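To keep things clear, I will list the structure first and then write my remarks on it.
Protein chains: 2
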Amino acid sequence: MGTSTVRSGEQIDRQSRILEAAMDLLSRHGISGVNMRAVAREAGVALGLVNYYYEDKSCLIRAALHRIDEHDLMLVEPDPDSAPDEQLRKSLRRVAGAELLTTRYLSLRLHLWALAQASEDFAQINAEAFERYLAGLATLIGNANPELSRDECRERAADIVVVQNGMWLTALLGVDKASIQRNIAHTEDIAFAPSRKKERGLGESKES
Amino acid sequence: MGTSTVRSGEQIDRQSRILEAAMDLLSRHGISGVNMRAVAREAGVALGLVNYYYEDKSCLIRAALHRIDEHDLMLVEPDPDSAPDEQLRKSLRRVAGAELLTTRYLSLRLHLWALAQASEDFAQINAEAFERYLAGLATLIGNANPELSRDECRERAADIVVVQNGMWLTALLGVDKASIQRNIAHTEDIAFAPSRKKERGLGESKES
DNA sequence: TTTACTCTTGAACGTTTGTTCAAGATGGAC
DNA sequence: GTCCATCTTGAACAAACGTTCAAGAGTAAA
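Here the protein sequences come in this chain order: U and D.
My numbering puts the first sequence at residues 1 to 208.
My numbering puts the second sequence at residues 1 to 208.
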């Protein structure tokens, strides 16, 4: 697999081009726009080659979804070169960064969510990625706030993810950037709040 | 149009059944699952009848999207029977209500967003509905907080919508209900905060 | 050169899709 | 009954789709 016949390096290997083309079509035209012929055309290869590298359409889409998930997880990857609270702050701010807030990426994220609703197969990919993102974020929070319990970290991570998902989604709908910035600030407030374990009652009773 | 041949009332008119079937398929299997034959089967009518009531597939889907948008707008409709701040509070809490947080509705919302990304036509429907929802929410906020300026109301509405969209989306992914409740509380905090127009510097200079 | 293997092509097949349409069914007005 | 407009059916068509496959191109080792 690894030793593909890369002639001179100037031409990326076809398999990557095919996957890239599929993701491009998915972000621009949705799942209806992703058909084998369009993918082949976009990648500049023959129709048969798509089925050569990806057994069927479902495999191709699954590969695309895994790529998006890898992208997501990089956001909460520990960075040994920074202090714990700087790592967390950087991670929280990165979700509104220029490289993340592109229409292409946001659209891909959205279509992945939609596909997860349509097919049990894709739902599992999505659920696993969601869980890993949550766990990664909780770890960053725990590193920056050593006094917090594991449950408190996960609780905060869950609250932050809600706001982040809202930002990603609403950014696509064209909400103003100032609102994004205010919500980023709110995620930081949640992340760095002093540990006040359930001291401020907010209506509902809840288990530990 | 209006006087359809409703035999005895026991049978809903076919046009509604067709639209309902299309929305059901959209929520369960995504846009790929919505084809004219499946819609006809689900609605219990012949294939040709779908094209009789809806000129083409695009019209059918557009009708479905309009239905979802009507549903959304009811959330921020003024209720003359309640006091202004009670109206606002009710509206904010309704987004986590049992009738709203169903998989069917959330899934439909999600697929609408995804379709809006795929087609300019659907994007416009979505953008208009988003704008009307934002305006409706801003009005509720203004009624409950007469001291706020119009811009401040819209600002708060935008911030709340981000969190609400996040809740809707994350509810589909299966985040725990407690997190939803905490985020509902946060939308209320935003809505009812005292007017402190830009007093607290936001953005870069924040450090604690 | 020959051999062997991987990569690449596009025609071809069978299926599914959106749409059209002639034909029939239905119900009220006359 | 006849007439007329509306509603309903399913066969039929053309286009688009996913997939298969025999054939070829390319490269490295013999």
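Think of the CB as a built atom: it goes at the ideal place given N, C-alpha and C, for glycine as much as any other residue.
Everything numeric in this text was worked out from a predicted model, so none of it was measured.
CA-CA distance, residue i and residue j?
i: Ala116 of chain D; j: Gln124 of chain D; result: 7 Å
i: Arg14 of chain D; j: Glu55 of chain D; result: 15 Å
i: Ala63 of chain U; j: Ser16 of chain U; result: 11 Å
i: Cys209 of chain U; j: Pro146 of chain U; result: Outside the shown range of chain U (1 to 208) lies residue 209 of chain U, about which nothing can therefore be said.
i: Ala157 of chain U; j: Thr102 of chain U; result: 23 Å
i: Ile190 of chain D; j: Ile160 of chain D; result: 7 Å
i: Phe122 of chain D; j: Arg150 of chain U; result: 43 Å
i: Ile261 of chain D; j: Asn165 of chain U; result: The structure shown does not extend to residue 261 of chain D, since chain D is modelled only from 1 through 208, so no value can be given for it.
i: Asp81 of chain D; j: Leu134 of chain D; result: 22 Å
i: Arg93 of chain D; j: Ser32 of chain U; result: 36 Å
i: Thr75 of chain D; j: Gln181 of chain U; result: The sequence shown places Leu at residue 75 of chain D, rather than the Thr named in the question. So the two alpha carbons sit approximately 26 Å from each other.
i: Phe192 of chain D; j: Cys59 of chain U; result: 49 Å
i: Glu99 of chain U; j: Tyr53 of chain D; result: 45 Å
i: Glu188 of chain D; j: Ala96 of chain D; result: 13 Å
i: Arg132 of chain D; j: Asn183 of chain D; result: 23 Å
i: Ser18 of chain U; j: Arg41 of chain D; result: First, the amino acid is wrong: residue 18 of chain U is Ile here, not Ser. Cα-Cα distance, rounded: 36 Å.
i: Leu65 of chain U; j: Glu86 of chain D; result: 43 Å
i: His29 of chain D; j: Ala43 of chain U; result: 28 Å
i: Glu20 of chain U; j: Leu112 of chain U; result: 15 Å
Checking contacts by CB at 9 Å: is residue i closer than that to chain U?
i: Thr3 of chain D; result: Any reading at Thr3 of chain D needs caution, since the residue's pLDDT is 34, under 50, leaving its predicted position unreliable; the model's value is listed next. So no, Thr3 of chain D is outside the interface.
i: Ala114 of chain D; result: yes
i: Arg228 of chain D; result: No information on residue 228 of chain D is available, as it lies outside the stretch 1 to 208 that chain D covers here.
i: Ser208 of chain D; result: In this prediction, Ser208 of chain D has a pLDDT of 35, which is less than 50 and means its spatial position is unreliable; what the coordinates show is noted afterwards. At least one chain U Cβ lies under 9 Å of Ser208 of chain D.
i: Arg28 of chain D; result: yes
i: Glu10 of chain D; result: For Glu10 of chain D, the predicted model reports a pLDDT of 38, less than 50, meaning its position is unreliable; a value from the coordinates is still stated below. So, not an interface residue.
i: Gln117 of chain D; result: yes
i: Glu77 of chain D; result: no
i: Glu20 of chain D; result: no
i: Val210 of chain D; result: Residue 210 of chain D lies beyond the stretch modelled for chain D, which goes from 1 to 208, so this question has no answer here.
i: Glu147 of chain D; result: no
i: Leu101 of chain D; result: no
i: Glu152 of chain D; result: no
Please look up how many angstroms separate the CB atoms of residue i and residue j, rounded, as I've assumed it's under 8 Å.
i: Ile141 of chain D; j: Leu88 of chain D; result: 6 Å
i: Leu25 of chain U; j: Ala38 of chain U; result: 6 Å
i: Val163 of chain U; j: Val175 of chain D; result: At roughly 12 Å, the Cβ-Cβ gap does not stay under 8 Å, so Val163 of chain U and Val175 of chain D are not in contact.
i: Leu172 of chain D; j: Ser119 of chain D; result: Not really, about 22 Å apart at Cβ, beyond 8 Å.
i: Arg67 of chain D; j: Met36 of chain D; result: That pair is no contact at about 18 Å.
i: Leu49 of chain D; j: Leu110 of chain D; result: With a Cβ gap of about 28 Å, Leu49 of chain D and Leu110 of chain D do not count as contacting.
i: Asp69 of chain D; j: Ala114 of chain D; result: With 8 Å as the limit, Asp69 of chain D and Ala114 of chain D do not qualify as a contact, their Cβ atoms being about 15 Å apart.
i: Ala144 of chain U; j: Pro78 of chain U; result: Incorrect: roughly 11 Å between the Cβ atoms, too far for contact.
i: Ser195 of chain D; j: Leu148 of chain D; result: 6 Å
i: Ser179 of chain D; j: Arg104 of chain D; result: Ser179 of chain D to Arg104 of chain D, Cβ: 21 Å. No contact.
Determine, using beta carbons only, whether residue i comes closer than 9 Å to chain D.
i: Asp159 of chain U; result: yes
i: Ile31 of chain U; result: yes
i: Glu86 of chain U; result: no
i: Ser179 of chain U; result: yes
i: Asp176 of chain U; result: yes
i: Gly166 of chain U; result: yes
i: Thr170 of chain U; result: yes
i: Ser107 of chain U; result: yes
i: Leu110 of chain U; result: yes
i: Leu49 of chain U; result: no
i: Val163 of chain U; result: yes
i: Glu42 of chain U; result: no
i: Leu92 of chain U; result: no
Any heavy atom of the ligand PLP closer than 8 Å to the CB of residue i?
i: Ala129 of chain D; result: For the ligand PLP, the structure offers nothing, since it holds no ligand at all.
Within 9 Å of chain D by C-beta, residues of the segment 122-144 of chain U in sequence order: Asn126, Ala127, Phe130 and Leu134
Please identify, using Cβ separations under 9 Å, the residues of the segment 56-73 of chain D that lie next to chain U, in order along the chain. none
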